[in-house]
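S.K.: The following block contains the structure, expressed as structure tokens.
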């Protein structure tokens with residue numbers, strides 16, 4: 062196997078590792094965003110313990126549009142469990158649900174972060190090998206340079 066082929070293989074491996082690292086970093090960001098939403102939801106449920114029945118609240122229709130509503134039961138929550146399904150839960154069950162989600166997401170973030178660190182180490186090793194090969198090729202080329210051959214190439 063020639064050094065040039067090894068260089069091509071190393072370059073290809075580096076590109077693939079770079080792509081995998083980008084995907085992992087993006088996944089970590091998405092997991093962190095989801096975790097933040099669950100943490101925020103948990104805090105909202107906890108804050109609702111101070112709300113009494115018949116209190117007026119603003120009910121969001123969109124991100125920037127609300128309607129006035131009244132609290133009917135301050136300890137009942139409709140929780141989005143995914144795929145368009147909602148489940149009614151009391152306050153403590155809702156808080157526990159969000160805590161489980163946050164715990165799961167923390168585990169996933171930790172797992173992906175470890176994978177990312179492994180990919181970084183692998184890429185660093187590939188870069189080291191690439192630099193070694195380049196230096197080796199430069200050294201080999203500089204010792205094999207004949208001034209007469211250089212003049213013919215010009």
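In this note's numbering, the protein residues as written are 62 to 215.
Even for Gly, the Cβ is constructed at its ideal location relative to N, Cα and C.
It should be emphasised that the depicted structure is a prediction, and the values quoted were computed from it without experimental measurement.
So, does the region 69 to 89 touch the region 176 to 183, judging by three or more C-beta pairs under 8 Å?
M.R.: By the C-beta criterion, the region 69 to 89 is judged to be in contact with the region 176 to 183, since at least 3 inter-stretch pairs fall below 8 Å.
S.K.: For residue 152 versus residue 106, is the C-beta distance shorter than 8 Å?
M.R.: Numbered from its first residue, the chain shown carries residue 152 at position 91. Numbered from its first residue, the chain shown carries residue 106 at position 45. Between residue 152 and residue 106, the CB-CB gap stays under 8 Å.
S.K.: Under the three-state reduction of DSSP, which class applies to residue 128: helix, strand or coil?
M.R.: What you label residue 128 is simply residue 67 of the chain shown in a count that begins at 1. Correct three-state label for residue 128: strand.
S.K.: Along the chain, where does the alpha helix (DSSP H) containing residue 164 start, and where does it finish?
M.R.: Along the chain shown, one-based indexing puts residue 164 at 103. Per DSSP, residue 164 belongs to the alpha helix (DSSP H) from 152 to 204.
S.K.: Between the alpha carbons of residue 199 and residue 191, how many angstroms are there, rounded?
M.R.: By one-based count along the chain shown, residue 199 stands at place 138. By one-based count along the chain shown, residue 191 stands at place 130. Roughly 12 Å between the two C-alpha positions.
S.K.: According to the neighbour-count rule (16 or more other Cβ atoms, all chains shown, within 10 Å of its Cβ), is residue 203 buried or exposed?
M.R.: By one-based count along the chain shown, residue 203 stands at place 142. By the neighbour-count rule (16 or more Cβ atoms within 10 Å), residue 203 is not buried but exposed.
S.K.: Please classify residue 123: is it buried, with 16 or more other beta-carbons within 10 angstroms of its beta-carbon, or exposed?
M.R.: Position 62 of the chain shown holds residue 123. So residue 123 counts as exposed.
S.K.: Under a three-way DSSP split, which group does residue 141 fall into?
M.R.: As a first step, residue 141 is located in the chain shown; it is residue number 80 there, counting from the start. Note: residue 141 maps to strand in three-state DSSP.
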